[in-house]
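Chains as they are written, first to last, in the numbering used here: chain A, 1 to 430; chain B, 431 to 722; chain C, 723 to 1053. All C-beta atoms in this analysis are idealised placements derived from N, C-alpha and C, irrespective of residue type, glycine included.
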Amino acid sequence: MSEEKNEKGQDKGLDRRTFIKTTGIVTGSALLGGFHFVRRAHAQQTGPIKLGFPIPLTGPYAFEAKDQQAGAELAIAQINAAGGVLGRKVELLVRDDKLKADEGARRAKELIESEGVHLMSGILAAHIQLAVNEQCKLQGIPYMSISQSNEITMRPDNSIYTYHEALDPHQTTQAVGEYVAKKYKKRWYFLTSDYAYGWQMTDGFRRKGKEYGIMDVGESKHPLGTSDFSAYIPRILAAKPDVLFVDNFGKDQINAIKQATDFGLKKKMQLVCPILLMSSRLGGGAESFDGVIGGCSFYWEMNHPTAKEFVAAFQKMHGRSPIDYAGYAYSGIKELLSAVNRANSLDAEAIAAAIEGRTYDNYKGNQWWRPCDHQSQQDVFIIKSKKEKAQYDVFEIIAKVSGDKERLLRTCTEVGQDPNKPIRSGLIKK
Amino acid sequence: MDATALLMQLFTGLSLGMLYVLLALGLSIIFGLLTVVNFAHGAMFMWGAYAGVSVIALTGNFWIALIVAPLVIGGYGLIVERGLIRPLYGRDINYPLLLTFGLQFIMLEIVRIFYGTSDQPFKAPDLLSMPIEIFGTFAFPSYRLFVIAVTIIICIVLWVFLEKTNLGMIIRAGTRDPLMVRALGIDMGRIWWLVFGIGSALAGLGGILAAPIRSVFPEMGITMLVECFVVVVVGGMGSLSGAILSGIIMGEASAITTLFYPQMADIVIFLVMAVVLLIRPSGLFGRAGLLE
Amino acid sequence: MENQTWWRRLVTFISNYPLYFIFLFFIIFPFIVPYKALATQIIIWGLFALGFNICLGYTGMLSFGHAAYFGVGAYTTGVVLIRLWANIWFGLFAALFMGGILALVLGFLCIKRKGIYFAMLTLAFAQLVYFVAFQWVDLTGGDNGLRNIPAAPLNFFGLSINIYSPLNFYFFVLFFVFLSLLALNLILQSPFGHVLQAVRENDQRARSCGYETTNVRWLAFVISGAISGLAGGLYALYLHFVGIETLYWMTSGQVVMMTLLGGMGSFIGPFIGAGVFLYLEDVLSNITQSWMIFLGVIFVLCVLFFPAGIWGTIKGLSTRGKKELPASSAP
């Protein structure tokens, strides 16, 4: 057995007895020590209710991720103070997905397998949500998504275990598009980030615009992560649009707005972003964003009772004002946990039944859980960037677009679900 | 597409290319003399921008930052060469590459710790904030013209330094035949040290020049790095005129592609590189150890 | 050999019979790490690093574009399972095959260059593959990734085994790792393997002995790509998903770091490197958000002081102090 491996001299350096001795010691101690590390591979029946929460703590969106965590912590603190879930305390297990899909999937695996989480939430990036959702579906863990994605409520990603508290590009664009179509002139140009997010935003705007007879005067697709938009400016100017939709996110949005301002585009057209992020506004600066309008799900200066309560509680706990991502996390987790309490069980079907069709108002006005796809119907706010160099007082709300009666949502059929039945696909019998 | 638009596009391609040129110069000069592939070049670019942020926070003056930031990064380069790269001489050629590869992560994380992960707002100085009307309706930001001008000046200064000074002559000789230069009694170690510092300073300068145009964030050097490598390899590693020409070509290629087929804008520089390398394996002007 | 301490003898034994040690160790491995998915991740990346090591450690070529083979292998398995035939054997074989083919093509373009140019070329071509995959949304899902890879059962001589519980999947992957190790061992012990090492030591001399070194390196590159592709295929099954980051140059960089960390030119090194890297990353991520700085520092220290990697250094320490020259020294 050993001959073909070793062409060296006769002396192999170790005799059989020593080998067996060593192997025995190594294996024995490993097993003994190893039992110490072996964790339960299933969720506990007693002890705290564990909520897994992978978010991009490192990387370009750490700002948003921290607020996601802060919102989650607030919701859990409030629920624990009111008696917890099923009489047990809730524990938040935060992990870093490093903005990578395989890392997110791995974290989800670790949370489910090693920590035995009962529920999952978190994730910022659309594609990572889908990856984590896959893992949750495999193991039958309810997942409350708190960030934008069009696919998460569609077949084949959607399932009975999947819930979507946040807006999706479709709702966002229908709302913002409606506002812009009514207020501004008809020549529309699109600067689109060349990936799913950008395409979906642009498609959504086009769709809404068609209803108002707008003129699509052109589109420029730019690769994700473009830092220099100067090459796109001449074409945009040549098309002479009235409105320029900047359909991108994060850094790209900052660069695009900054450079559009540098090239004097604002004098000739109105700049619109589907979602105006606080971090973009702070990073880009007051001058660059001055006059830019866009959509958002929530702004902390809203004049609404539950909003004021949420903001006050958040400020008390964290010493700063919440951004929209904090609101998503707060509301989404509150909904998930309260559903478990109402269902009086961790069974997925019971939780689903307790959420579907429910109207609620956690922090921003009326929201409703649509049964066919577990999407939360909600209002969208149009905000405008202020010129002040402030820390948080950087936007003003100029309009609210109502989400009532599914007017902003895609139809159930369109997302591949049955309009007459609540979603039950993917149910695993455990 | 009328002629004016095309002209405007060529102009934007030029300003795009200039940043490439600055970084490629630094990378090329380091490789030409030290045969070290500085994987931390993108991180130095990024540190230049952040150094600018700090200096402006301290002094409120962009012009001071423009001078100070590259010097700071150059100084940092001197430390890196002396402390981290020098111990690797004599080993396999890949080790400095690997070291600088790891170094960039450290540099990235340091910035994240001290400045946070969000973008830093960075404005061009008021003097350069006015767009200049050229080609009629096209308002070209004067700041970008400034960048083009500064890069041209740097190229000229570098050329004069290499061609007309003794030190420059030693550097050029050193890339051609380091052994001979040593045999003549000149301490190559000092020269390498200096050149690494100069290359780093160039990267830092690129960073602070880029800051008002793009956003300043920790990962800003990463995409820049790969593009930069492509530029240098196409130009010929170790060739300065190659770096300049290649930078301009790449900038223009990117701009023109964006005009006609934007999806390919990312890919086009790699395609150009693949084509160039298959035809001229050492790049456009590359010859082993020639600094021109 | 009386003056040799027990651990020196152990190290010598392990380096003489790496396969036995690996077999034994990895059978108990899932029970000593915090969770099984981590163990699976480690051996998959270990396999990837092993494949990469053929290129770097055994042939002496630093490739900065191995993510291409890993990623293409992953996407191949995913696409095959979704669209062609939900059969795991076929899916993995396809990954192996595609990894090899891609290495064949790209290798042909890159292999004539050496050293830094080779590294840059491989990087550039890998980025090209990345961008193509990014744009080819219909096939790869673009930046959303390839989802819904079916959890096909393993059909083995009429038995249908569910391999998706964490422990089962680990041993499933381990099976392929063992197979690859045996295959590689055969290759490296063969005359070809010796030519490979000759080429690494001194290309010119090997050529003067009459070997077509370019072809030798090319073949090694293909084998390297195939193994990396297989690792990618296993990764796709592990995650039920393929992310576009799999093809990004950071993945190439990560496998380089692992191989250096563990030690090039041996079988055990890559696995140690993968294990240490991933374990540290896991543990550090839970403690601090600045985990990257620790990994970076460790890597830099490794390059400076321990270029032979963890295993290489251990081996080096174990042979120190020997007064007599060994009859034949291990490479």
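Please identify the residue among the options whose C-alpha is closest to the C-alpha of residue i.
i, options, result
"P60 of chain A", "B:I582, B:R542 and B:S484", "B:R542"
"A789 of chain C", "C:Y739, C:W1013 and C:A846", "C:A846"
"F894 of chain C", "C:F748, C:M986 and C:S974", "C:F748"
"K66 of chain A", "B:W623, B:T547 and B:A695", "B:T547"
"K240 of chain A", "A:I55, A:Q253, A:D216 and A:S230", "A:D216"
"R206 of chain A", "A:E178, A:Y195, A:I233 and A:D194", "A:E178"
"R574 of chain B", "B:L558, B:L588 and B:I586", "B:L558"
Could you give the distance in angstroms between the alpha-carbon of residue i and the alpha-carbon of residue j?
i, j, result
"L32 of chain A", "G225 of chain A", "Low local confidence applies: a pLDDT of 43 at L32 of chain A is under 50, so the model's placement there is unreliable, with the coordinate-based value given in what follows. So the alpha carbons of these two residues sit roughly 50 Å apart."
"L452 of chain B", "I945 of chain C", "40 Å"
"R39 of chain A", "L961 of chain C", "Because R39 of chain A carries a pLDDT of 40, less than 50, the predicted location of this residue cannot be relied on, and the following value inherits that uncertainty. Distance between the alpha carbons of R39 of chain A and L961 of chain C: 21 Å."
"E722 of chain B", "T530 of chain B", "Its pLDDT being 30, under 50, E722 of chain B is placed unreliably by the model, and nothing is read from it."
"Q763 of chain C", "T173 of chain A", "40 Å"
"L741 of chain C", "L769 of chain C", "13 Å"
"R229 of chain A", "M278 of chain A", "The amino acid occupying residue 229 of chain A in the given sequence is Phe; Arg does not appear at that position. About 21 Å."
"A481 of chain B", "A499 of chain B", "5 Å"
"W369 of chain A", "D347 of chain A", "18 Å"
"R710 of chain B", "I397 of chain A", "59 Å"
"K308 of chain A", "I76 of chain A", "19 Å"
"T981 of chain C", "T153 of chain A", "41 Å"
"K386 of chain A", "G291 of chain A", "7 Å"
"N255 of chain A", "P551 of chain B", "11 Å"
"Y839 of chain C", "D865 of chain C", "30 Å"
"M842 of chain C", "P526 of chain B", "14 Å"
"K137 of chain A", "N491 of chain B", "55 Å"
"L720 of chain B", "A603 of chain B", "With a pLDDT of 37 at L720 of chain B, under the threshold of 50, the modelled position of this residue cannot be trusted, and the question is left open."
"W1033 of chain C", "I1020 of chain C", "15 Å"
"Y797 of chain C", "T862 of chain C", "7 Å"
"F963 of chain C", "L831 of chain C", "30 Å"
"F753 of chain C", "F993 of chain C", "17 Å"
For a test of the three-state rule: what should DSSP assign to residue i, helix, strand or coil?
i, result
"V899 of chain C", "helix"
"T727 of chain C", "coil"
"C372 of chain A", "coil"
"Y143 of chain A", "strand"
"T530 of chain B", "helix"
"D222 of chain A", "Correcting the residue identity first, residue 222 of chain A is His in this sequence and not Asp. H222 of chain A: strand per DSSP, three-state reduction."
"Q367 of chain A", "strand"
"V466 of chain B", "coil"
"W188 of chain A", "strand"
"L124 of chain A", "coil"
"L775 of chain B", "Past the edges of chain B, shown from 431 to 722, lies residue 775 of chain B, and the structure says nothing about it."
"G863 of chain C", "coil"
"L904 of chain C", "helix"
"V733 of chain C", "helix"
"S385 of chain A", "strand"
Is the Cβ-Cβ distance between residue i and residue j less than 7 Å?
i, j, result
"G443 of chain B", "G619 of chain B", "no"
"F310 of chain A", "D247 of chain A", "no"
"I123 of chain A", "V117 of chain A", "no"
"Y852 of chain C", "L969 of chain C", "yes"
"G829 of chain C", "W940 of chain C", "yes"
"G672 of chain B", "F700 of chain B", "no"
"G965 of chain C", "A101 of chain A", "yes"
"A771 of chain C", "G995 of chain C", "yes"
"R95 of chain A", "R106 of chain A", "no"
"A704 of chain B", "P642 of chain B", "no"
"I578 of chain B", "M448 of chain B", "yes"
So residue i contacts chain E; which residues on that side make the cut at Cβ distance below 7 Å?
i, result
"A329 of chain A", "Structure shown: chain E not included; protein chains present are A, B and C."
For residue i, verify whether its CB is less than 6 Å away from any heavy atom of the ligand MG.
i, result
"A920 of chain C", "This structure lacks the ligand MG; in fact it carries no ligand of any kind."
(request) Just list the alpha helix (DSSP H) runs in the region 564-646 of chain B, keeping only unbroken ones of 4 residues or longer that don't cross its boundaries, in chain order. (result) 572-594, 596-606, 608-613 and 618-640
(request) At 4 residues or longer, and completely inside the region 280-342 of chain A: list those alpha helix (DSSP H) runs for me, N to C. (result) 286-289 and 305-318
(request) Could you name each continuous alpha helix (DSSP H) segment of 4 residues or more that falls completely within the region 192-252 of chain A, going from the start of the chain to the end? (result) 196-211 and 233-239
(message) For a minimum of 4 consecutive residues, which ranges assigned as the alpha helix (DSSP H) are wholly contained in the region 753-841 of chain C?
(response) 758-775, 789-801 and 810-832
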